[in-house]
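Have a look at the structure below before the remarks.
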Amino acid sequence: KQEVTQIPAALSVPEGENLVLNCSFTDSAIYNLQWFRQDPGKGLTSLLLIQSSQREQTSGRLNASLDKSSGRSTLYIAASQPGDSATYLCAVKSGNTPLVFGKGTRLSVIA
Amino acid sequence: DGGITQSPKYLFRKEGQNVTLSCEQNLNHDAMYWYRQDPGQGLRLIYYSQIVNDFQKGDIAEGYSVSREKKESFPLTVTSAQKNPTAFYLCASSIEAGRSYNEQFFGPGTRLTVL
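Heads up: the sequence lines are chains D and C, in that order.
Residues 157 to 267 (our numbering) make up the first sequence, in order.
Residues -14 to 100 (our numbering) make up the second sequence, in order.
See below:
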């Protein structure tokens, strides 16, 4: 059964710092991996989707990489801003089952 | 605007009552999903539907029921059999539930509180 882990559970950084969020999964036979952002009391916003054949995807200050063989993905946020403060979740798609989610990393960017 | 709407935003239920949460999408997506989110537990899948008039149980289906009579609608009923229904409920959709391109999009959520 696929399991997704995100470490750390919480992270606090000063504004302007570059940072990396980690996501690991146990079954490397995935079709794709998706990163989401969730603000308190809100739904999830899709940030990036990486297909299994891709190594990375970029959107603005965000860059997500995928190493399927080692079961890892990272979300790189450049020049962090207080507005980046949120919970970031990753989810993987494998087999005919729906997405399997990690529990998220709660990010605080301090001005 | 294309997207997923959920109503109501907040819902209060007395013990022993059934309540229905609405989810509507105008993205022309085939697949729809219901998740429950509790603090510290991440998202847990309740039910999902890959096509009209078909749905499957997720990891925590007990005490919940769904219907999929229309492509754009996937209502969730929280029955009195659900012992701890207080949670944040999220609805999502994707083009298809199969293995290919299937970016998933979420609604704004409904917070259910049992009084």
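Even for Gly, the Cβ is constructed at its ideal location relative to N, Cα and C.
Can you give me the C-alpha to C-alpha distance between residue i and residue j, rounded to a whole angstrom?
i	j	result
C:E0	C:A72	14 angstroms
C:I45	C:V37	21 angstroms
C:L113	C:K68	Because chain C here runs from -14 to 100, residue 113 of chain C falls outside it and cannot be looked at.
C:V51	C:F90	19 angstroms
C:P24	D:W191	19 angstroms
D:T201	C:G92	9 angstroms
D:R217	D:V265	15 angstroms
D:T182	D:A234	28 angstroms
C:K(-6)	C:Q22	15 angstroms
D:R228	C:L100	42 angstroms
D:D195	D:S225	31 angstroms
Residue i by DSSP, collapsed to three states: which one?
i	result
C:G92	coil
D:P238	helix
D:I167	The identity of residue 167 of chain D in the sequence shown is Leu, whereas the question assumes Ile. In this structure, D:L167 counts as strand in the three-state DSSP scheme.
C:N11	coil
C:Q41	strand
C:L104	Here chain C covers residues -14 to 100 and nothing more, so residue 104 of chain C does not appear.
C:L100	coil
D:D223	strand
D:D183	coil
D:D195	coil
Measure from the alpha carbon of residue i to the alpha carbon of each residue in the options, then state which is nearest.
i	options	result
C:I31	C:D23, C:V37 and C:Y18	C:Y18
D:C179	D:S264, D:G258, D:A267 and D:R262	D:G258
C:R29	D:A242, D:E159 and D:L263	D:E159
C:R53	C:F40, C:G(-12), C:V63 and C:S(-8)	C:F40
Should residue i go down as buried or exposed, given a rule of 16 or more other Cβ atoms within 10 Å for buried?
i	result
C:G94	buried
D:A220	buried
D:G197	exposed
D:V176	exposed
Would you be able to state if there are at least three C-beta pairs under 8 angstroms between the region 172 to 192 of chain D and the region -6 to 9 of chain C? no
Can at least three beta-carbon pairs, one atom from the region 226 to 246 of chain D and one from the region 49 to 63 of chain C, be found at a separation below 8 angstroms? no
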